[in-house]
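What follows is a set of notes on a single structure, which appears directly below.
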Amino acid sequence: MRRQPLAHDITMRSLAAQLLITPSALQELSHEDAAKVAAYMGHRTIAAGSVFMREGDDTDCDHLLLVLEGELSVEHHPMPGEDKQLVVRIMGPGSLIGELGLLDGAPRSANCVADTTIEAAVLQRHDFLRLLEEDPRVGTRLLLAIAKRMADHLRDSSRKLKLFAQMNKVLSEELATYTRNADSDSQT
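Counting in our numbering, the sequence shown runs from 28 upward without gaps.
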């Protein structure tokens, strides 16, 4: 992965600002705020086929990526100790990855694999902190937009968990009915 400042690349900086305000990123930001945030970002090219974030990795996890071009897969290990990966999401231009790492620097929660060559804007934690210090209004708006995005993801996950719990209950009831019927059939 090569990194270079985005501030000197007007085209990439403009694209980053446009994508930051899309629904898949941080639509709560104004275009002016997004342009200021983009000035603090760097540029990274990620080769197709690269695993550029690894679940549990505690190195290089203090930044977020905004996908400018290309596609990636987000993967999880469904069962501890198994090598099999489950693709849980495909992401493309306008997608944000690593918001939690930007805020707390904790280990990555999933694997990210570049399906194609990816061009990304990168906001490092130290640049985010510099933004908060140099332009508190924009830094705070960015922080609030990230918090809203994470709250939306949490609500969506809670909704899915409730749905899975309901499905589990129905399947358990069906299995119990089937087992009772099978037992009564075998006794007759």
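Virtual Cβ for every residue (Gly too), placed ideally from N, Cα, C.
ALA141 carries a strand assignment under DSSP once its states are collapsed to helix, strand and coil. Distance between PHE79 and THR206, taken at the CA atoms: about 47 Å. Ranked by how close their Cα comes to the Cα of LEU95, the residues GLN54, ILE73 and GLN112 have ILE73 in first place. Following the DSSP letters along the chain, one finds HIS90 inside the beta strand (DSSP E) bounded by residues 90–96. Contact holds between the segment 37–47 and the segment 84–103, because three or more Cβ pairs, one in each stretch, are under 8 Å apart. The straight-line gap separating the alpha-carbon atoms of ASP154 and VAL197 is approximately 49 Å. With respect to the C-alpha of GLU161, the residue from VAL64, ARG40, ALA52 and MET194 having the closest C-alpha is VAL64. Burial is judged here by how many other beta carbons sit within 10 angstroms of a residue's own beta carbon; ILE37 has fewer than 16 and is exposed.
ILE48 sits in coil when the DSSP states are folded into three classes, being neither helix nor strand. Secondary structure note for HIS70: its beta strand (DSSP E) is the uninterrupted segment 69–73.
Annotation: ALA62 to SER199 spans about 52 Å, alpha carbon to alpha carbon.
Taking C-beta atoms as the reference points, GLY121 and HIS90 fail to come closer than 8 Å.
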